[in-house]
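As given, the protein sequences belong to chains A and B, one line each in that order.
If you're matching positions, the first sequence starts at 1 in the numbering used here and goes up one per residue.
If you're matching positions, the second sequence starts at 426 in the numbering used here and goes up one per residue.
By construction, the Cβ of each residue, glycine as well, lies at the ideal position given by its N, Cα and C atoms.
Small disclaimer: the values here were computed from a predicted structure and weren't measured.
Beneath this line is the structure, given in structure tokens, with notes to follow.
Number of protein chains: 2
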Amino acid sequence: MDTRSMAIQAKKASILMQGVSTELKNSALEKIAEALLAKKDAIFEANRQDLERSAAENLAAPLLKRLKFDEKKLNEVVDGIHSLIGLDDPVGKTLLARELDDGMKLCRVSCPIGVIGIIFESRPDALVQISTLCLKSGNAVLLKGGREAALTNRILVQVIEEASMEAGMPDHWINLLESREEVNEMLALDEYVDLIIPRGSNQFVRYIMDNSRIPVLGHADGICHVYIDRDVDADRAVDIVVDSKTQYVAVCNALETLLIHKDSAEKVLPSLKEALEAKSVEIRGCERTREIIPCKAATEDDWKTEYLDLILSIKVVDSLDEAIDHINTYGSGHTDAIISKDEGNISRFLEYVDSANVFANCSTRFSDGFRYGFGAEVGISTNKIHARGPVGLDGLVTYKYKLIGDGHIVADYASGKRRFTHRDL
Amino acid sequence: MDTRSMAIQAKKASILMQGVSTELKNSALEKIAEALLAKKDAIFEANRQDLERSAAENLAAPLLKRLKFDEKKLNEVVDGIHSLIGLDDPVGKTLLARELDDGMKLCRVSCPIGVIGIIFESRPDALVQISTLCLKSGNAVLLKGGREAALTNRILVQVIEEASMEAGMPDHWINLLESREEVNEMLALDEYVDLIIPRGSNQFVRYIMDNSRIPVLGHADGICHVYIDRDVDADRAVDIVVDSKTQYVAVCNALETLLIHKDSAEKVLPSLKEALEAKSVEIRGCERTREIIPCKAATEDDWKTEYLDLILSIKVVDSLDEAIDHINTYGSGHTDAIISKDEGNISRFLEYVDSANVFANCSTRFSDGFRYGFGAEVGISTNKIHARGPVGLDGLVTYKYKLIGDGHIVADYASGKRRFTHRDL
Chain A
1 MDTRSMAIQA KKASILMQGV STELKNSALE KIAEALLAKK DAIFEANRQD
51 LERSAAENLA APLLKRLKFD EKKLNEVVDG IHSLIGLDDP VGKTLLAREL
101 DDGMKLCRVS CPIGVIGIIF ESRPDALVQI STLCLKSGNA VLLKGGREAA
151 LTNRILVQVI EEASMEAGMP DHWINLLESR EEVNEMLALD EYVDLIIPRG
201 SNQFVRYIMD NSRIPVLGHA DGICHVYIDR DVDADRAVDI VVDSKTQYVA
251 VCNALETLLI HKDSAEKVLP SLKEALEAKS VEIRGCERTR EIIPCKAATE
301 DDWKTEYLDL ILSIKVVDSL DEAIDHINTY GSGHTDAIIS KDEGNISRFL
351 EYVDSANVFA NCSTRFSDGF RYGFGAEVGI STNKIHARGP VGLDGLVTYK
401 YKLIGDGHIV ADYASGKRRF THRDL
Chain B
426 MDTRSMAIQA KKASILMQGV STELKNSALE KIAEALLAKK DAIFEANRQD
476 LERSAAENLA APLLKRLKFD EKKLNEVVDG IHSLIGLDDP VGKTLLAREL
526 DDGMKLCRVS CPIGVIGIIF ESRPDALVQI STLCLKSGNA VLLKGGREAA
576 LTNRILVQVI EEASMEAGMP DHWINLLESR EEVNEMLALD EYVDLIIPRG
626 SNQFVRYIMD NSRIPVLGHA DGICHVYIDR DVDADRAVDI VVDSKTQYVA
676 VCNALETLLI HKDSAEKVLP SLKEALEAKS VEIRGCERTR EIIPCKAATE
726 DDWKTEYLDL ILSIKVVDSL DEAIDHINTY GSGHTDAIIS KDEGNISRFL
776 EYVDSANVFA NCSTRFSDGF RYGFGAEVGI STNKIHARGP VGLDGLVTYK
826 YKLIGDGHIV ADYASGKRRF THRDL
């Protein structure tokens, strides 16, 4: 089937999904969880073939690890489905109710977005997580996973589709794209696809934005900062910086650049260097940093780089405002933290740093849907439009205005015969 | 000054505007209202020159009328500013507050979007309305109005800027672009401009979408429908259709296609034809319509056309579901209404018609920010992302996550030493 026909049938399914009840969605999720467990041998076998082929093609070890879908991963996704069942349905919430006039009532009600195109990396567990989030939020989905996981993805979609249809979900709500050409075709289908969520490199996200009219939800870079203010507890500052940098180095909410007030530099930098070197972190410092601790020299490029690696750039600043300005200039609007005892400085930082997640006295690694208690996330958005920060179920719905009248016409208001009451209900 | 420098200074202003208080914003609005009244002679004189030049260039009469900025228009915009002062500040609202653990609190707080580029038609009153909405929502703005209104726009921006700076607003929060080339330059400045709101033709909106990575908020077409169900009061149906079609014909929420259940056609169409002809409306009907009332034949193209004129296409359908399907296929997701006595059919229509505004038993012309009681609107969005339907102040803000901890690090949760409490506050 060609991509256009697939998108058209997804659109049809998406209309039917507008009216699917919470009960039906939860029962479909339950059946999916059961089916994944019941068919695990076939799933593991498909994954074994993917792993074997990818190993033969010399796929790097960390990618092979991400590709693996075993008993542990299966149990994790099944647990995820059960917690998803427990979450509130984001659809059908009345967000505003207002009487416009006698007998005429306006409601703003949350509803699914429609058809969502999601392009994700090689982890097969991401396929299950993403498609079940779409189901719970009532959206049809076009999925494109990594080529390495082709067989695993195919059987996972088949199991999910069969189990959910058995529960009564509309045909074709879930669809799998298998090639780059199909992704390119999808980018032109703005008539049928309402939103694209690309999970991948900065370059890839920009490619999508440049080649489609469809709105894109995603994040490009994660150039995250910690700023150490003038008056701090050195041990606490070191702990937070080390956690932000090293707790998991290859993720978007890991620290990349440390800014430190000149009055704290001598107190904190020596012990920080020691702690970072114990974790094999390479330091690249500005000139003033290098006057205090020996390290490589940072260049202008370092302030713009998402290392995703055991490297930290450090800059000494003269003031809070210089730190804020540096972050707003070089940052990516993802996650930035201040370490300070000064309430005024903290609130100034949280106010003026223009990022999705602004933190005080804790690690940047907390910016995450699970840690925020959203249950699950499709990704972290550095968009300012629609959804910002960790995007859970709430980011997968929109709303519509329902207005119920009793023969009301506008001419009566234009002529002054009737007047609006505009009374919130 | 070149467009890039203008965007950079707008971005700087937008950061300062994140922290501007409600009091300051309201006092700036008050000063703007006063200054517009105080400088009305100079404004009217600039407008007179625009009108004179445009008349000499043979601008069409309806456009000249829109261009005119006189005492009446001035009083309307000043009234608009006063009602804007009375509206709630959309910035700084706590949308979610949650304890993640002892001493660690997460808040989702509304904040301005940043820099908004707005391209609008020749009405100078739109400039005042749009820029004051941006001020109240804390956004810096790049404005581009119609070329015909060049002198009027220039003096209005000057008056607004001076008055607001006197009140304490940051420099350069409002900026005027004066040429198409500058608009094209703006489209490439996704680093500084966060959102573009184009008000104009379908073709124009698509041009913007195809030539920029910046998110676009707007609507393309307004192909609005009324569906007359099988069991209706004929007089009421005629009143609603006539109002939807003729109350103001050149606007996006005016009716373009009437769908009517086959059981109502003979009862309603003859008197509807009479009422529409009294308003000089041309009818284009499907074959079954033409068996009941003589009229021109509708073609496939008619179902896809936004006439913005005294023309109505009519189609007889066999069922509610055929009507819903027609609307979801040919409509533009703007405003669609059902006329029915059947509660079940009404709720089915409101559920499955995938449009921003879905109405029962009232005119399509009600879809409007003022009529909804939003106070003012920047436009009506048929986007499903971010803001849908009439967009008022709420559509001009986003949110950020503020997390305040007390030395918390992620390693403690990964090791199991600490657990999240996730308690809503």
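Bridge partners for residue i per DSSP, in chain order?
i: D424 of chain A; result: A:R98
i: Y824 of chain B; result: B:S535
i: L680 of chain B; result: B:C649
i: M529 of chain B; result: B:D526
i: I599 of chain B; result: B:V566
i: E282 of chain A; result: A:I311
i: A542 of chain B; result: Per the sequence shown, the amino acid found at residue 542 of chain B is Gly instead of Ala. Looking at the DSSP assignment, G542 of chain B forms a beta bridge with B:L567, B:I621.
i: D761 of chain B; result: B:H650, B:V783
i: K296 of chain A; result: A:R284
i: V666 of chain B; result: None, per the DSSP bridge assignment.
i: G804 of chain B; result: B:V816
i: V316 of chain A; result: A:I260
i: V641 of chain B; result: B:I621
i: I829 of chain B; result: A:A360, B:K530
Residues of chain A with CB under 7 Å from residue i, in chain order?
i: H811 of chain B; result: I385, H386
What number of angstroms, rounded off, separates the C-alpha of residue i from the C-alpha of residue j?
i: D89 of chain A; j: I130 of chain A; result: 16 Å
i: G542 of chain B; j: L576 of chain B; result: 20 Å
i: I763 of chain B; j: L96 of chain A; result: 21 Å
i: D424 of chain A; j: V651 of chain B; result: 27 Å
i: L531 of chain B; j: A356 of chain A; result: 13 Å
i: I311 of chain A; j: E282 of chain A; result: 5 Å
i: A414 of chain A; j: N578 of chain B; result: 29 Å
i: N627 of chain B; j: T807 of chain B; result: 12 Å
i: K490 of chain B; j: M426 of chain B; result: 32 Å
i: Y248 of chain A; j: K12 of chain A; result: 42 Å
i: V20 of chain A; j: G331 of chain A; result: 42 Å
i: T671 of chain B; j: K704 of chain B; result: 7 Å
i: T257 of chain A; j: W598 of chain B; result: 30 Å
i: K393 of chain B; j: S589 of chain B; result: Residue 393 of chain B is absent from the model: chain B starts at 426 and stops at 850.
i: I752 of chain B; j: A188 of chain A; result: 22 Å
i: F795 of chain B; j: L509 of chain B; result: 12 Å
i: L852 of chain B; j: E470 of chain B; result: Residue 852 of chain B is absent from the model: chain B starts at 426 and stops at 850.
Residues of chain A with CB under 9 Å from residue i, in chain order?
i: F784 of chain B; result: Y401, K402, L403, I404, G405
i: V503 of chain B; result: Going along chain A, no residue has its Cβ under 9 Å from V503 of chain B, so there is no contact; the nearest lies around 21 Å.
i: F494 of chain B; result: Here the premise fails: no neighbours, minimum Cβ distance about 22 Å.
i: L852 of chain B; result: Nothing can be reported for residue 852 of chain B: it is not among the residues displayed for chain B, which extend from 426 to 850.
Once the 5 residues before and after residue i are set aside, which same chain residues still bring their CB inside 7 Å of it?
i: I771 of chain B; result: I763, S765, A785
i: K426 of chain A; result: A query on residue 426 of chain A cannot be resolved here, the shown segment of chain A reaching from 1 to 425 and no further.
i: L697 of chain B; result: V663, V666
i: D526 of chain B; result: H833, R843, F845, T846
i: K465 of chain B; result: L499
Once the 5 residues before and after residue i are set aside, which same chain residues still bring their CB inside 6 Å of it?
i: E607 of chain B; result: T428
i: L749 of chain B; result: Before going on, a small fix: residue 749 of chain B reads as Ile here, not Leu. Only Y777, V778 meet the Cβ criterion.
i: I639 of chain B; result: D615, V618, I621
i: G814 of chain B; result: A781, N782
i: P43 of chain A; result: Pro is not the amino acid found at residue 43 of chain A; the sequence shown has Ile there. Excluding positions up to five away in sequence, the list reads I155.
i: G593 of chain B; result: L449
What in chain B is Cβ-close to residue i, meaning under 8 Å?
i: R365 of chain A; result: I834, V835
i: T398 of chain A; result: K809, I810, R813
i: Y372 of chain A; result: R523, L525, L531, Y826
i: F420 of chain A; result: R796, G798
Starting from residue i, find everything on chain B with Cβ-Cβ shorter than 7 Å and list it in chain order.
i: N328 of chain A; result: I440
Once you ignore the five residues that flank residue i on each side, which residues in its own chain have a CB closer than 8 Å to its CB?
i: E185 of chain A; result: D2, T3, R4
i: D233 of chain A; result: K341
i: E121 of chain A; result: R66, G145, G146, R199, G200
Give the residues from the segment 667 to 698 of chain B that approach chain A closer than 7 Å (Cβ to any Cβ), ordered along the chain. Of all residues in the segment 667 to 698 of chain B, only D668, Q672 place a beta-carbon less than 7 Å from a beta-carbon of chain A.
What are the residues of the segment 527 to 542 of chain B that lie near chain A, defined by any Cβ-Cβ distance shorter than 7 Å? Result list: M529, L531, I538, G539.
Identify each residue in the segment 620 to 636 of chain B for which the Cβ-Cβ distance to at least one residue of chain A is less than 9 Å, and report them in chain order. Taking 9 Å as the Cβ-Cβ cut-off against chain A, the residues of the segment 620 to 636 of chain B that qualify are L620, R631, M634, D635.
Chain E contacts made by the segment 17 to 36 of chain A, where a contact means CB separation under 8 Å: The structure shown contains no chain E; its protein chains are A and B.
With 7 Å as the limit, tell me which residues of the segment 545 to 561 of chain B have their beta carbon closer than that to any beta carbon of chain A; keep them in chain order. For the segment 545 to 561 of chain B, no residue has a beta-carbon sitting nearer than 7 Å to a beta-carbon of chain A.
Anything in the segment 638 to 667 of chain B with a Cβ closer than 7 Å to a Cβ of chain A? List those residues in chain order, please. Within the segment 638 to 667 of chain B, the qualifying residues are R638, P640, R661, D664, I665.
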